[in-house]
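When the count follows UniProt numbering, it moves up by one through the sequence shown with no breaks and lands on 285 for the last residue.
Take a look at the structure set out below.
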Amino acid sequence: MTVARIEIPPKLVPVFENEGVRYRGAYGGRGSAKTRTFALMTAIRGYMAAKNGQSGVILCAREYMNSLEESSMEEVKQAIRSVPWLNDFYELGEKYIRTKCRSVSYVFAGLRHNLDSIKSKARILIAWVDEAESVSETAWTKLTPTVREAGSEIWVTWNPEKDGSATDKRFRKKQPDNAIVVEMNYDDNPWFPSVLEEERLNDQARLDAATYAWIWEGAYLENSDKQVLANKYVVQSFPDDLWKKADRLLFGADFGFAKDLNTLIRMFILDDCLYIEREGLRCRR
């Protein structure tokens, strides 16, 4: 029996070494090698399937994909080219990736606009959803039963952004029983390149702590400079009748959904400053 050696980050070894797992995934910040590793492992699994006489499709999906340039195709091609015996086993065309025996092929699709066509795909062996943070609950609800072949799997990789997103709830907060999902950040990548280390240090020096943690440490994006008024406001008292000096009163409302609050504020502008005079908050029932 021929044995091939493949190097992947140690933290991802448990994700792939166990058989009979329905969901495999990794989330975290930039430079962790999670996308490259999952791309490589799809090719290895395609190789194994073809060698075992199986035929089918490896689906590589994202929420939005208007062209192949926006897909994971190039990532998969680079992974295949990096391993000589995989490169010999696959045909890499301008618009396709398939085994030379034609039994396993890749399909690249966007979930937002192609779900119905995906549902008609026969024999999906693996569905790998990359950049999965933005995938909606509707998409997950429709995709999951589409991957229905015996032994088929769903793989997920994403950079967290919103606490409580559909992907966050499904694969981080409440992982399925038959799932192995790990956090991967730059310091879990033994081949973290020096060029990205320079970028990381630059970001650490110039960005606010919340944005840096989101980009590099897999944190949710919260309370950062991306907020419209971040670092541009102060909380202090002012005269109750100051609004009378303004040209007009302004009102703003935000009708919260889910666990968010309904909010109503009264404000005015004076000398190029926005004063928020009153606010009302109420939970939805």
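The C-beta atom is built at its ideal place from N, Cα and C for all residues, glycine as well.
Nothing here was measured: the structure is a model prediction, and the numbers come from that model.
Note the first and the last residue of the continuous alpha helix (DSSP H) segment covering R62.
Run containing R62: none in the alpha helix (DSSP H); it sits in the beta strand (DSSP E), G56 to R62.
Spatial neighbours of V13 within its chain, please: C-beta separation below 6 Å, excluding the five flanking residues on both sides.
none
What first and last residue would you give for the beta strand (DSSP E) that runs through F108?
Counted as a single uninterrupted DSSP element, the beta strand (DSSP E) harbouring F108 occupies residues V104 to G110.
Continuous beta strand (DSSP E) stretch holding F251: start and end
First-last of the beta strand (DSSP E) with F251: L250 to D254.
By how many angstroms is the C-alpha of I265 removed from the C-alpha of G280?
6 Å
Looking at C-alpha atoms only, which residue of N262, N185, K169 and E91 is the closest neighbour of A43?
E91
Say whether the stretch 146-166 touches the stretch 15-34, bearing in mind that this needs 3 or more beta-carbon pairs closer than 8 Å, one atom from each stretch.
yes
If we count Cβ pairs, one from each stretch, closer than 8 Å, do we get three or more for the stretch 111-118 versus the stretch 33-48?
Counting C-beta pairs with one atom in each stretch, the stretch 111-118 and the stretch 33-48 have fewer than three that are closer than 8 Å, which means they do not touch.
Given 7 Å as the limit, tell me if A109 has its C-beta closer than that to any heavy atom belonging to the ligand FMN.
Only the bare structure without any ligand can be found here, which leaves the ligand FMN out of the picture.
V234: which of G56, L274, I215 and N262 sits nearest, CA to CA?
L274
Residue span of the alpha helix (DSSP H) that contains A39, given as start and end
A39 -> alpha helix (DSSP H) spans K34 to K51.
If you drop the 5 nearest sequence neighbours on each side, which residues of the same chain put their C-beta closer than 8 Å to that of E131?
R62, E63, T157, W158 and N159
Please work out which residues of its chain come closer than 6 Å, Cβ to Cβ, to E137, disregarding the five sequence neighbours upstream and downstream, and give them in chain order.
A166
Unbroken alpha helix (DSSP H) runs of length 4 or more, entirely within the stretch 169-196: which are they?
The qualifying runs do not exist here; there are none.
Counting along the chain, where does the alpha helix (DSSP H) carrying R81 start and finish?
M73 to R81
Terminal residues of the alpha helix (DSSP H) in which I215 lies
Unbroken alpha helix (DSSP H) run through I215: A209 to W216.
Closest Cα partner of E19 within the set P10, N202, A209 and N178:
N178
Distance, K169 Cα to A39 Cα:
24 Å
Can you check DSSP and say which residues form a bridge with M267?
L250 and I276
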